[in-house]
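Visitor: For the sequence shown, the numbering used here assigns the number 2 to the initial residue and increments by one for each residue that follows. In this text, a Cβ means the ideal position worked out from N, Cα and C, and glycines have one as well.
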Amino acid sequence: MNELLAENTVSWIFPGAVSLQSLQHYRKTLEKDFSNAEYDYPEIYGMQANTIMKMDWPNENKFQYIQVLDDVYTEFMDKAGRL
Numbered sequence: 002m003n004e005l006l007a008e009n010t011v012s013w014i015f016p017g018a019v020s021l022q023s024l025q026h027y028r029k030t031l032e033k034d035f036s037n038a039e040y041d042y043p044e045i046y047g048m049q050a051n052t053i054m055k056m057d058w059p060n061e062n063k064f065q066y067i068q069v070l071d072d073v074y075t076e077f078m079d080k081a082g083r084l
């Protein structure tokens with residue numbers, strides 16, 4: 002992994018990292034999917050995670066998408082009082 006020092010903080014840059022715009026677009030898409038799910042969040046989570054893991058991407062890229070999926074899933078489960 003490569004390390005980037007910026008204003009007294011260290012952030013990691015993964016080889017082949019996904020662009021921020023792509024991750025933001027994915028987050029918006031997930032939020033729409035979860036909003037339309039009528040509280041069937043585990044099923045949507047499972048389908049999305051399965052799709053990500055089957056993609057022919059480097060593991061670092063899969064990890065970034067799974068992080069976004071986890072964040073959105075956690076937010077919606079928390080709002081529904083199911084955490």
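1. Alpha carbon to alpha carbon, how far is Asn60 from Glu39?
2. If you follow the alpha helix (DSSP H) that Ala50 is part of, which residue opens it and which one closes it?
3. Are the beta-carbon atoms of Lys65 and Leu24 separated by less than 8 Å?
4. In this structure, how does DSSP classify Glu39 when only helix, strand and coil are distinguished?
5. What residue range does the alpha helix (DSSP H) around Leu70 cover?
6. According to the neighbour-count rule (16 or more other Cβ atoms, all chains shown, within 10 Å of its Cβ), is Leu84 buried or exposed?
Guide: Taking the coordinates as given:
1. Position 59 of the sequence shown, counting from 1, holds the residue named residue 60. Position 38 of the sequence shown, counting from 1, holds the residue named residue 39. Whole-angstrom Cα-Cα distance: 31 Å.
2. What you label residue 50 is simply residue 49 of the sequence shown in a count that begins at 1. Segment Tyr42 to Lys55, the alpha helix (DSSP H) holding Ala50.
3. Here residue 65 refers to the residue found at position 64 of the sequence shown. Here residue 24 refers to the residue found at position 23 of the sequence shown. Per the sequence presented here, residue 65 reads as Gln, with Lys not at that position. Between Gln65 and Leu24, the C-beta spacing is below 8 Å.
4. What you label residue 39 is simply residue 38 of the sequence shown in a count that begins at 1. Coil.
5. Counted from its first residue, the sequence shown places residue 70 at position 69. Segment Asn60 to Lys80, the alpha helix (DSSP H) holding Leu70.
6. Here residue 84 refers to the residue found at position 83 when the sequence shown is read from its first residue. Looking at its Cβ environment, which holds fewer than 16 other Cβ atoms inside 10 Å, Leu84 is exposed.
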